[in-house]
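Student:
There are 2 protein chains.
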Amino acid sequence: MTGIRAQQKEKTRRQLIDAALGQLSSERSFSSLSLREVAKEAGLAPTSFYRHFTDMDELGLTLVDEAGLTLRQLMRQARQRIEKGGSVIRISVVTFMEFIENNGNIFRLLLRERSGTSAAFRAAVNREISYFTLELCDYLQQANQMDAEVAYMQANAAVTIVFSAGSDALDGDKKDREQLALRTIQQLRFIARGAAEFNHRLNIVKNV
Amino acid sequence: MTGIRAQQKEKTRRQLIDAALGQLSSERSFSSLSLREVAKEAGLAPTSFYRHFTDMDELGLTLVDEAGLTLRQLMRQARQRIEKGGSVIRISVVTFMEFIENNGNIFRLLLRERSGTSAAFRAAVNREISYFTLELCDYLQQANQMDAEVAYMQANAAVTIVFSAGSDALDGDKKDREQLALRTIQQLRFIARGAAEFNHRLNIVKNV
DNA sequence: TTTTTCAGTGTACACATGTACGCCATTTTA
DNA sequence: TAAAATGGCGTACATGTGTACACTGAAAAA
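In structure tokens:
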């Protein structure tokens, strides 16, 4: 017994989430969405909204979680591609750019709420990004036998660069995005090279 | 003759600008400010606002210009310090962190509107940041005899990293900020090292 | 079967917003 | 000095907002 009632409730909850996501665009931020708008878009009376969320904020935090999920799915996709061989950096950047093309509004949500007016939102977004960073950090340590701290600094810098490029990509066309990808790849190589060198010197010191 | 009238007008215009700036905080973004609030804070009747700006948007763009001005003043300060000797990277980062401490709300404005819902705002902020980047790019070319494109990529990456660190610094305390500064300095060194090496290889190719 | 629970509705209210309009007082121009 | 321009004010209005409240019908529990 699933509970026909709980099932229906879950369904309209999703409608609310999807309604909110659907209203996001380059000229519409989550904070500019009203409870009434979202409820209307979901085909609900305004007051029914409260049966699912106490607040627009609560809905928003749910969206951020949703975005984090999409982000992790992105990473899985990238890893699969990497296992098939090729430049790790290139594949990662290209995958990320594809992600942005297909999930522009979700990415915008993350970008905006990261510097938004709600501390809870900022924390939630930063948490998602830190997962992202830590996974990359692990990878660097394992694949390149890197010092933990050096790996973290590289991972953090790389994620920052990639997210910033993603932000730029949102406003550009296909052509811009390709050029942006090339630049980003080069910048990530700078970082990787600098970190590797530092790591090398660190190893020498350790062995003495 | 200054025109006692124009003089007074300029004064209340400033009051509006300052009122808007004054209302910005970590939990209050420009887009959440209402025309009435700003007018009230400036000691004006709501409708008088229109004597100075057609729109809140127009006020906002003025604020972005203001922020750009502050940013350039920051660079001047950094250059002065650098001329007195010391690590360029360290001095730049420390200066930037000081800037954030003293101008948190202006910096927040830039961060937020860069990913905001108004294309005009985004363009304005990106313009200011590109000035910032280009100046650094010039410096790198001149001081390190760097290839133009490599210098640009380094400058762009460095500015991205520093801005992102600035964003993180906004939410932390003094202690966090110091640690953040150290990390940022190291990351900038990674980038500088990687770029320098690439530039070196480029020179070899050119000389053949 | 009877009772309880609860997702969803419609009405209603107080409140904040942008801005049109007409007025005033003072500076500026003629 | 007379006329025009203009910064600032108060009133007024339509619109959108969050949410309190009482209600309904169907599912779940007793």
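Just so you know, the sequences run in chain order A and B.
So for the first sequence, the working numbering puts the first residue at 1; every next one is plus one.
So for the second sequence, the working numbering puts the first residue at 1; every next one is plus one.
Virtual Cβ for every residue (Gly too), placed ideally from N, Cα, C.
Output the distance between the C-alpha atoms of V38/B and E178/A, rounded to the nearest integer angstrom.
Tutor: Translated into the one-based positions of the second sequence, residue 38/B becomes position 38. Translated into the one-based positions of the first sequence, residue 178/A becomes position 178. Approximately 43 Å between the Cα atoms of the pair.
Student: How is the alpha helix (DSSP H) around Y131/A delimited, first residue to last?
Tutor: As a first step, residue 131/A is located in the first sequence; it is residue number 131 there, counting from the start. From DSSP, the alpha helix (DSSP H) with Y131/A extends over A119 to N144.
Student: If we call anything under 8 Å between Cβ atoms a contact, is L111/A one with S167/A?
Tutor: Translated into positions along the first sequence, residue 111/A becomes position 111. Translated into positions along the first sequence, residue 167/A becomes position 167. The answer is yes: Cβ separation under 8 Å.
Student: Check the Cβ of T117/B against every Cβ in chain A and list those closer than 8 Å, keeping chain order.
Tutor: For the purposes of this step, residue 117/B is identified with residue 117 of the second sequence, where counting begins at 1. Those within 8 Å of T117/B in chain A are S26, E27, R28, S29 and S32.
Student: Just to confirm the assignment, what range does the alpha helix (DSSP H) spanning D168/A have?
Tutor: Here residue 168/A refers to the residue found at position 168 of the first sequence. Looking at the DSSP string, the run of the alpha helix (DSSP H) that includes D168/A is A148 to D171.
Student: Should I161/A be labelled buried (16 or more other beta-carbon atoms within 10 Å of its own) or exposed?
Tutor: For the purposes of this step, residue 161/A is identified with residue 161 of the first sequence, where counting begins at 1. Buried.
Student: Under 8 Å, Cβ to Cβ, is there at least one residue of chain A near F132/B?
Tutor: The sequence position of residue 132/B within the second sequence is 132, counting from 1. No, its Cβ sits nowhere closer than 8 Å to a Cβ of chain A.
Student: Please determine, among Q186/B, T184/B, A195/B and R90/B, the residue with the shortest C-alpha to C-alpha distance to T184/A.
Tutor: The residue given as residue 184/A occupies position 184 in the first sequence. Looking at the Cα atoms, A195/B is the closest of the given residues.
Student: Taking the alpha helix (DSSP H) that R183/A belongs to, which residues open and close that run?
Tutor: The count along the first sequence starts at 1 and reaches residue 183/A at position 183. Looking at the DSSP string, the run of the alpha helix (DSSP H) that includes R183/A is K174 to N207.
Student: By alpha-carbon positions, which one of Q77/A, R36/A, N156/A and S118/A ends up nearest to D138/A?
Tutor: Within the first sequence, numbered from 1, the residue matching residue 138/A stands at position 138. The shortest C-alpha separation from D138/A is found at N156/A.
Student: Could you name each continuous beta strand (DSSP E) segment of 3 residues or more that falls completely within the segment 10 to 49 of chain B, going from the start of the chain to the end?
Tutor: Here no run is fully enclosed.
Student: Can you confirm whether T160/B, when its beta carbon is compared against all beta carbons of chain A, has any partner nearer than 8 Å?
Tutor: As a working mapping, residue 160/B is identified with position 160 in the second sequence. At least one chain A Cβ lies under 8 Å of T160/B.
Student: If we ignore side chains and look at the alpha-carbon of each, how far apart do D147/A and N199/A end up?
Tutor: The sequence position of residue 147/A within the first sequence is 147, counting from 1. The sequence position of residue 199/A within the first sequence is 199, counting from 1. Taking the straight line joining both Cα atoms gives about 7 Å.
Student: R193/A and E197/B - do their beta-carbons sit closer together than 8 Å?
Tutor: If you number the second sequence from 1, residue 197/B lands on position 197. If you number the first sequence from 1, residue 193/A lands on position 193. Yes, they are a contact pair.
Student: Can you grab the Cα-Cα spacing for the pair G85/A / Q154/A, in whole Å?
Tutor: The sequence position of residue 85/A within the first sequence is 85, counting from 1. The sequence position of residue 154/A within the first sequence is 154, counting from 1. Each residue's alpha carbon lies about 22 Å from the other.
Student: Beta-carbon of E181/A versus every beta-carbon of chain B: anything under 8 Å?
Tutor: One-based indexing of the first sequence puts residue 181/A at position 181. Checking the sequence, you will find Ala at residue 181/A rather than Glu. No - not a single Cβ of chain B is within 8 Å of the one on A181/A.
Student: Chain B partners of E197/A, CB-CB under 9 Å?
Tutor: Translated into positions along the first sequence, residue 197/A becomes position 197. Within 9 Å Cβ-Cβ: F190, R193, G194 and E197.
Student: What does S167/A reach in chain B if we use C-beta pairs closer than 7 Å?
Tutor: Working through the first sequence from its first residue, we reach residue 167/A at position 167. What S167/A touches in chain B: S115.
Student: Starting from Q154/B, find everything on chain A with Cβ-Cβ shorter than 9 Å and list it in chain order.
Tutor: Here residue 154/B refers to the residue found at position 154 of the second sequence. Ordered by position in chain A, the residues that pass the 9 Å Cβ test against Q154/B are Q187 and F190.
Student: Which two residues bound the contiguous alpha helix (DSSP H) that contains T95/A?
Tutor: Here residue 95/A corresponds to residue number 95 of the first sequence, with the count starting at 1. Start and end: V88 to N102.
Student: Only counting the same chain, and skipping five residues up and downstream in sequence, which positions put a Cβ closer than 8 Å to that of I89/A?
Tutor: Here the question's residue 89/A lines up with position 89 in the first sequence. I185, L188, R189 and A192, listed in sequence order.
Student: Is the Cβ of R112/A closer than 8 Å to any Cβ of chain B?
Tutor: Locating residue 112/A in the first sequence gives position 112, counting from the first residue. It does: the Cβ of R112/A has a partner Cβ on chain B nearer than 8 Å.
Student: Please tell me whether D171/B has its Cβ less than 8 Å away from any Cβ of chain A.
Tutor: Mapped onto the second sequence, residue 171/B falls at position 171. Yes, contact with chain A.
Student: Kindly list the residues whose CB is nearer than 7 Å to the CB of N103/A, restricted to its own chain and excluding five residues on each side of it in sequence; keep chain order.
Tutor: In the first sequence, residue 103/A corresponds to position 103, counting from 1. The answer, listed in chain order, is T70.
Student: Would you call S92/B buried or exposed, if buried means 16 or more other Cβ atoms sit within 10 Å of its Cβ?
Tutor: Here the question's residue 92/B lines up with position 92 in the second sequence. When all chains shown are included, S92/B counts as buried.
Student: I want to verify the contact list: residues of chain A whose CB lies under 7 Å from the CB of A157/B, in sequence order.
Tutor: The residue given as residue 157/B occupies position 157 in the second sequence. Result: I161, Q187 and F190.
Student: State the CB to CB distance for the pair F99/A and L74/A, rounded to an integer number of angstroms; the pair is presumed to be in contact (CB under 8 Å).
Tutor: Along the first sequence, one-based indexing puts residue 99/A at 99. Along the first sequence, one-based indexing puts residue 74/A at 74. Yes, they are in contact, since the Cβ atoms of F99/A and L74/A sit about 5 Å apart, within 8 Å.
Student: Here's a check: name, in chain order, each residue in its chain whose Cβ is nearer than 6 Å to the Cβ of L216/A, leaving out the five neighbours to either side.
Tutor: Residue numbering for chain A in the displayed model covers 1 to 208; residue 216/A lies beyond these limits and cannot be assessed.
Student: Considering Cα atoms alone, identify which of R79/A, F121/A, V205/A and K175/A is closest to A143/A.
Tutor: As a position in the first sequence, residue 143/A is number 143, starting the count at 1. It is R79/A.
Student: How is D65/A classed by DSSP in three states: helix, strand or coil?
Tutor: Numbered from 1 along the first sequence, position 65 holds the residue referred to as residue 65/A. It is helical.
Student: In three-state DSSP terms, what is F53/B?
Tutor: Within the second sequence, numbered from 1, the residue matching residue 53/B stands at position 53. The answer is coil: DSSP assigns F53/B none of H, G, I, E or B.
Student: Measure the C-alpha to C-alpha separation of A25/B and R122/A and round it to an integer number of angstroms.
Tutor: Residue mapping note: residue 25/B aligns to position 25 of the second sequence, counting from 1. Residue mapping note: residue 122/A aligns to position 122 of the first sequence, counting from 1. In the sequence as displayed, the identity of residue 25/B is Ser instead of Ala. So the alpha carbons of these two residues sit roughly 14 Å apart.
Student: If you compare alpha carbons, which of G43/B, F132/B, K206/B and S118/B is closest to F96/B?
Tutor: The sequence position of residue 96/B within the second sequence is 96, counting from 1. Here the closest residue by C-alpha is F132/B.
Student: Counting only Cβ-Cβ distances shorter than 8 Å, please list the residues of the segment 80 to 101 of chain A near chain B, keeping chain order.
Tutor: Residues: none.
Student: Would you verify that the beta carbon of S48/A is, or is not, closer than 8 Å to some beta carbon of chain B?
Tutor: Position 48 of the first sequence, counted from the start, is the residue given in the question as residue 48/A. No, no contact with chain B.
Student: Under 8 Å Cβ-Cβ, which residues of chain B neighbour R177/A?
Tutor: Within the first sequence, residue 177/A is the residue found at index 177, counting from 1. None at all; the shortest Cβ gap to chain B is about 16 Å.
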